[in-house]
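Since the structure comes first, as structure tokens, the remarks are kept for the end.
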Amino acid sequence: MLGVGGIVGLAVAYVALQRRDHPAARPLAWIAGLPGAVGLCYAALIVVPDLPGPGVILAVTEALMVVNVGYFVVFTLAYTGRSAWLTRRRRGLIVGYFAVISVATAVDIYTKEVVVRTVNGLTFPVVPARTEGLVFLVAVLSVYGAIFVGTGILVRFLISSRNVYRKQTALIVGAIGLSVVGGVVFEAGINIHPGLNLNLVFYSVEVVLIALALFRYEFLNVEPLAPDVVLEQIEDPVLVLDESDIVVDTNPAARLLVDAADPVGTPVTDLLPGLLSAVTKDETYVRPGSDAESGGQAEVYDLNAAPISDQYDRERGTVVVLRDISLQKERERTLEQLQSVSQRFLSAETADEVLEVAVAAADELLEYPYSGAMLYDRDSGVLRPATYAESLRTAFDGIPVDEMVIEPGETDIWTVFESGEPMLGDPLDVSDEVPVDIGGSLLFPLGEHGVLGISAGADHEGFTDDDRRFAEVLASTTENALDRVKKERQLRESRELVTTRNNQIEFFNSVLRHDLLNGMQVVDGHVELLSERVDGEAAEHVSVIEDWTADMVSLTRNVRAVTGVISGDRTAESQPVDLGRALTEKVRKVRDGHEGVVVDLVADVDALPPVRADEFLPEVFENLLTNAIEHNDRETAEITVDATVDGDVATVRVADNGPGVDDEQKEAVFDEAVTSEGSGSVGFGLHFVRVMVDRGRRTPSCH
Numbered sequence: 001m002l003g004v005g006g007i008v009g010l011a012v013a014y015v016a017l018q019r020r021d022h023p024a025a026r027p028l029a030w031i032a033g034l035p036g037a038v039g040l041c042y043a044a045l046i047v048v049p050d051l052p053g054p055g056v057i058l059a060v061t062e063a064l065m066v067v068n069v070g071y072f073v074v075f076t077l078a079y080t081g082r083s084a085w086l087t088r089r090r091r092g093l094i095v096g097y098f099a100v101i102s103v104a105t106a107v108d109i110y111t112k113e114v115v116v117r118t119v120n121g122l123t124f125p126v127v128p129a130r131t132e133g134l135v136f137l138v139a140v141l142s143v144y145g146a147i148f149v150g151t152g153i154l155v156r157f158l159i160s161s162r163n164v165y166r167k168q169t170a171l172i173v174g175a176i177g178l179s180v181v182g183g184v185v186f187e188a189g190i191n192i193h194p195g196l197n198l199n200l201v202f203y204s205v206e207v208v209l210i211a212l213a214l215f216r217y218e219f220l221n222v223e224p225l226a227p228d229v230v231l232e233q234i235e236d237p238v239l240v241l242d243e244s245d246i247v248v249d250t251n252p253a254a255r256l257l258v259d260a261a262d263p264v265g266t267p268v269t270d271l272l273p274g275l276l277s278a279v280t281k282d283e284t285y286v287r288p289g290s291d292a293e294s295g296g297q298a299e300v301y302d303l304n305a306a307p308i309s310d311q312y313d314r315e316r317g318t319v320v321v322l323r324d325i326s327l328q329k330e331r332e333r334t335l336e337q338l339q340s341v342s343q344r345f346l347s348a349e350t351a352d353e354v355l356e357v358a359v360a361a362a363d364e365l366l367e368y369p370y371s372g373a374m375l376y377d378r379d380s381g382v383l384r385p386a387t388y389a390e391s392l393r394t395a396f397d398g399i400p401v402d403e404m405v406i407e408p409g410e411t412d413i414w415t416v417f418e419s420g421e422p423m424l425g426d427p428l429d430v431s432d433e434v435p436v437d438i439g440g441s442l443l444f445p446l447g448e449h450g451v452l453g454i455s456a457g458a459d460h461e462g463f464t465d466d467d468r469r470f471a472e473v474l475a476s477t478t479e480n481a482l483d484r485v486k487k488e489r490q491l492r493e494s495r496e497l498v499t500t501r502n503n504q505i506e507f508f509n510s511v512l513r514h515d516l517l518n519g520m521q522v523v524d525g526h527v528e529l530l531s532e533r534v535d536g537e538a539a540e541h542v543s544v545i546e547d548w549t550a551d552m553v554s555l556t557r558n559v560r561a562v563t564g565v566i567s568g569d570r571t572a573e574s575q576p577v578d579l580g581r582a583l584t585e586k587v588r589k590v591r592d593g594h595e596g597v598v599v600d601l602v603a604d605v606d607a608l609p610p611v612r613a614d615e616f617l618p619e620v621f622e623n624l625l626t627n628a629i630e631h632n633d634r635e636t637a638e639i640t641v642d643a644t645v646d647g648d649v650a651t652v653r654v655a656d657n658g659p660g661v662d663d664e665q666k667e668a669v670f671d672e673a674v675t676s677e678g679s680g681s682v683g684f685g686l687h688f689v690r691v692m693v694d695r696g697r698r699t700p701s702c703h
């Protein structure tokens with residue numbers, strides 16, 4: 001028996017060394033191999049009792065058994081995942097401590113007298129039992145203390161939340177407990193034969209059980225943490241897979257998902273094709289064929305996969321949790337489709353077209369077949385049918401729908417329109433003329449435009465919060481589209497009105513210019529005759545009249561030209577303009593035409609270079625000068641005109657001693673129809689300046 005136990009121990013040590021990838025394999029090889037060697041030594045002493053030096057052999061075997069306890073402590077630390085703490089130095093200290101005790105034990109035994117005994121025909125050498133002495137006491141306390149500590153570490157790990165191999169650990173603890181009990185019984189003197197060392201027998205059984213637990217049982221039983229809580233009580237489907245992606249455990253929800261009473265042992269690829277690919281790509285998972293089973297709505301799952309790691313941080317499997325997000329995805333698809341409806345609204349040009357899009361969306365996207373819309377008739381003060389889904393059109397076949405108006409205070413429809421508050425899900429108060437039971441309805445006001453009604457029929461189980469939310473989005477989008485159509489219609493009408501008025505104004509302007517030119521030509525003819533008959537001071541006044549008459553004719557023609565340029569009928573070509581000459585002529589004209597006005601041209605006009613502008617630049621200067629005179633409240637208006645050149649930019653400044661312009665008005669004075677208080681002017685002068693200067697990509701400013 002001792003020989004067989006020794007051979008078994010050495011065999012287990014060999015197997016453990018072949019599995020060196022396991023962190024606990026090396027210490028297991030020691031705690032199996034050392035007792036195995038001791039068992040063979042005892043067997044040899046029994047078979048050949050007269051071997052030379054039996055005392056040495058007995059001393060060495062006892063020393064090996066003491067050292068074996070040190071390796072047992074190392075094994076428990078490695079198995080429970082304390083490899084980070086179990087450094088090479090600490091491992092050496094543990095084994096070294098027991099090596100010292102083993103040497104002391106060997107010396108103590110070697111000094112004892114070896115006695116050869118014969119019992120039941122077996123002759124064997126023995127050493128008298130040691131029950132006293134310091135070496136014995138230290139050895140016993142160290143050995144059983146270490147066994148107690150190691151067993152405590154294993155028991156603590158057995159109940160630890162991190163242990164994913166509870167049955168494996170329980171088997172190891174049971175094997176060690178059996179060995180401890182056997183050792184205590186042996187030390188107490190209870191033995192079936194004096195030549196049989198029960199410690200070695202129990203050690204052999206222990207190492208065999210531990211080896212089975214580590215190298216065989218581990219691969220067959222991946223048992224996740226707290227299965228009653230993690231698996232059974234989770235509503236989402238949970239699958240536990242081993243390293244080969246074989247299902248090793250499930251919860252009830254997962255068994256319903258795969259439609260199998262016991263899917264354990266089946267590859268997950270057979271149960272849920274494509275699941276592993278979705279996990280790898282971090283994508284949602286759509287169960288194949290689910291759309292056909294649920295009437296068109298696919299089952300979509302959000303995946304949460306987490307590895308199962310053992311105490312050595314090695315991945316031994318995977319836990320996959322599938323969260324059903326089918327409704328969420330359906331909501332997202334519906335919202336996306338509603339957004340696409342917004343694009344269709346943009347192409348609608350009339351209110352009827354907008355409502356046709358809305359009713360079609362309610363029927364096709366939201367699957368509400370009894371839907372329709374009514375528009376408010378301002379002339380009659382009633383709501384009139386605008387459009388209906390095809391189901392209602394069929395139901396109303398033969399009934400004059402256009403005459404089914406909603407008058408104030410008559411039905412729920414008018415209440416919703418008048419109050420602006422929707423009605424969500426209640427049956428409609430409709431007349432007996434409606435030939436179909438439309439069930440509960442959602443009514444939404446469309447602002448001042450009308451009402452959108454959505455109904456699903458009598459068989460409908462009621463509207464969910466999502467139904468109401470989607471219908472509200474559709475109604476809001478419809479109202480916005482109706483507002484846009486109304487504004488665009490008003491804008492078109494406004495543009496048509498402006499075009500008509502512009503044409504009328506242009507007609508009157510052309511008549512006015514024609515009559516004005518004819519009148520000025522008559523005046524010019526009489527002034528020419530008058531100039532031949534007067535002299536002296538009267539001749540000077542006649543000359544002024546003649547100049548102004550010529551300017552009026554020129555202005556009338558310029559107005560025609562400016563109108564053509566602004567409207568695009570005529571192009572004003574840029575050309576070199578003598579800046580000094582233009583300023584001189586306009587200053588002289590203003591001086592001659594206005595009494596009590598002092599206009600001082602301080603610029604060196606001879607030094608001013610030509611500038612590139614159109615033919616209307618001199619008129620701009622004249623408008624600036626006359627504007628300064630018109631808005632001057634002094635007895636004598638004093639105007640200063642200056643011009644400077646900086647590089648290729650010429651700047652003309654017109655300043656006066658008038659009241660000035662408020663800071664908040666300095667940007668607005670160039671706008672059309674902006675005037676100073678009490679001026680009586682329509683402000684065309686400065687607006688003309690801005691229009692003509694802007695055309696030349698220049699900027700007027702007020703300081």
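Be aware that the sequence shown starts at 1, since it is given in this note's numbering, and climbs by one per residue.
For every residue, glycine included, the Cβ atom is placed at its ideal position computed from N, Cα and C.
The way I'd put it, the region 260-275 doesn't touch the region 330-346; fewer than three beta-carbon pairs between them come closer than 8 Å.
If one requires a minimum length of 4 residues, the alpha helix (DSSP H) runs lying completely within the region 290-358 are 290-293 and 326-347, in chain order. Rounded to the nearest whole angstrom, the C-alpha separation of residue 80 and residue 26 is 14 Å. Contact check between the region 350-365 and the region 493-512: fewer than three CB pairs, one atom from each, fall below 8 Å, which does not count as touching. When beta bridges are read from the DSSP output, residue 416 appears opposite no residue. Ranking 69, 134, 157 and 552 by CA distance to the CA of residue 145 puts 69 first. Close CB contacts of residue 606 within its chain, under the 7 Å cut and outside five residues either way in sequence, are with 580 (chain order). Counting only the Cα atoms, residue 498 lies some 43 Å from residue 411. A residue is called buried when at least 16 other Cβ atoms come within 10 angstroms of its Cβ; residue 67 meets this threshold and is buried. Annotation: the continuous beta strand (DSSP E) that includes residue 370 extends over 370-377. Within the model, the alpha-carbon separation for residue 22 versus residue 36 is close to 21 Å. In this structure, the alpha-carbon of residue 275 lies about 59 Å from that of residue 409.
With a 10 Å radius around the Cβ and a threshold of 16 neighbouring Cβ atoms, residue 148 comes out exposed. Restricting attention to 138, 648 and 661, the CA atom closest to the CA of residue 633 is found in 661. In the structure shown, residue 391 adopts helical secondary structure according to DSSP, grouped into three states. If the five residues before and after residue 358 are omitted, its C-beta is found closer than 7 Å to the C-beta atoms of 373, 452, 474 and 478, all from its own chain and listed in chain order. Shortest Cα-Cα distance from residue 242 to any of 309, 250 and 318 involves 318. Of the other Cβ atoms in all chains shown, fewer than 16 fall within 10 Å of the Cβ of residue 152; this residue is therefore exposed. 8 Å or more divides the Cβ of residue 421 from the Cβ of residue 376. Counting along the chain, residue 610 sits inside the beta strand (DSSP E) bounded by residues 610-613. Annotation: residue 105 to residue 58 spans about 11 Å, alpha carbon to alpha carbon. Here residue 631 is buried. Its C-beta has 16 or more other C-beta atoms within 10 Å. For residue 650, the uninterrupted beta strand (DSSP E) run begins and ends at 649-656, by DSSP. In the three-state reduction of the DSSP assignment, residue 380 falls in the coil class, being assigned neither a helical nor a strand state. For residue 423, the pairing in a beta bridge is given by DSSP as 443.
In the structure shown, the three-state DSSP call for residue 667 is coil. In terms of CA proximity to residue 637, 656 leads the group 619, 252, 656 and 550.
Excluding its 5 nearest sequence neighbours in each direction, residue 592 has C-beta neighbours in its own chain below 8 Å: 544 and 547, listed in chain order. About 6 Å separates the beta carbon of residue 155 from that of residue 173, a gap short enough to meet the 8 Å contact definition. For residue 454, the enclosing beta strand (DSSP E) begins and ends at 450-455. At a Cβ-Cβ threshold of 8 Å, residue 354 and residue 326 do not count as neighbours. Taking C-beta atoms as the reference points, residue 338 and residue 370 fail to come closer than 8 Å. Of the candidates 18, 103, 74 and 102, the residue whose Cα lies closest to the Cα of residue 90 is 74.
Judged by their CB atoms, residue 491 and residue 463 are not nearer to each other than the 8 Å cut-off. Residue 361 is not bridged by DSSP to any residue. About 18 Å separates the beta carbon of residue 587 from that of residue 645, a gap too long to meet the 8 Å contact definition.
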